[in-house]
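Asker:
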Amino acid sequence: MNAKEFLRQAIWLDKLINSKLEHLEKLEVLAQKTTVDLSKEKVTGGNGTTSPMENVVVKIIELKREINEDIDRLIDLKKEIGKVISNIDNPSYQLILEMRYINNRNWDEIADEMGLDKRWLLRLHMRALRKIDETLKLATKRH
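For the sequence shown, my numbering gives the first residue as 775, with consecutive numbering after it.
1) Using C-beta distances below 7 Å, list every residue in its chain close to Asn-776, excluding the 5 sequence neighbours before and after it, in chain order.
2) On a Cα-Cα basis, can you pick out the residue from Glu-854, Ile-862, Trp-881 that is closest to Arg-893?
3) Where does Asp-907 sit, in a helix, a strand or coil, going by DSSP?
4) Along the chain, where does the alpha helix (DSSP H) that runs through Arg-847 open and close?
5) Quick check on Asp-935: buried or exposed, where buried means 16 or more other Cβ atoms within 10 Å of its Cβ?
6) On a Cα-Cα basis, can you pick out the residue from Lys-807, Ala-913, Arg-874 that is closest to Gln-783?
7) Near Ile-791, which residues of its chain fall below 8 Å by C-beta distance, leaving aside the five closest residues on each side in sequence?
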């Protein structure tokens, strides 16, 4: 895995979480629209069938569990990425990589905040990626 692939893992996982949160929102709206027909419910405990409302609630609970697991993975992944970035001895490179891959900022925001021309920022980014590649190769050789 090269530096960019390693660093982008957090961005993709973050996007996946956001997609699941959007899906959760739609399920919750659906749950609010779903009505329970009490006339069809049996008092004796039913025959094993579930209501549409129950189905939606179960899906919501399962999706919330998945999202929480993904968030835990994202936190761990960002911590790991942060450790690798902190091994670079250039503070500008560190800042660029952290803003991009940990804070998920776009290039225009980073350039504005750092007071850099976007093209120069992208050159610095490529240099920072080379440093990450070196760090990852050293870590692979040690293991």
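Glycine included, every Cβ here is placed at the ideal spot set by N, Cα and C.
Answerer: By the coordinates alone:
1) For the purposes of this step, residue 776 is taken as residue 2 along the sequence shown, with counting starting at 1. Closer than 7 Å at the Cβ level, and outside the excluded window around Asn-776, lie Asp-907.
2) Position 119 of the sequence shown, counted from the first residue, corresponds to residue 893. Taking only the C-alpha atoms, the option nearest Arg-893 is Trp-881.
3) As a first step, residue 907 must be located in the sequence shown, where it is residue number 133. Residue state, collapsed to three classes: helix.
4) Here residue 847 refers to the residue found at position 73 of the sequence shown. 826-860 is the extent of the alpha helix (DSSP H) around Arg-847.
5) The chain is shown only over 775 to 917; residue 935 falls outside these bounds and no answer can be derived.
6) Position 9 of the sequence shown, counted from the start, is the residue given in the question as residue 783. Checked all of Lys-807, Ala-913, Arg-874; the closest Cα to Gln-783 is Arg-874.
7) Stepping through the sequence shown from its first residue, residue 791 is reached at position 17. The answer, listed in chain order, is Ile-841, Asp-844, Ile-845, Leu-848.
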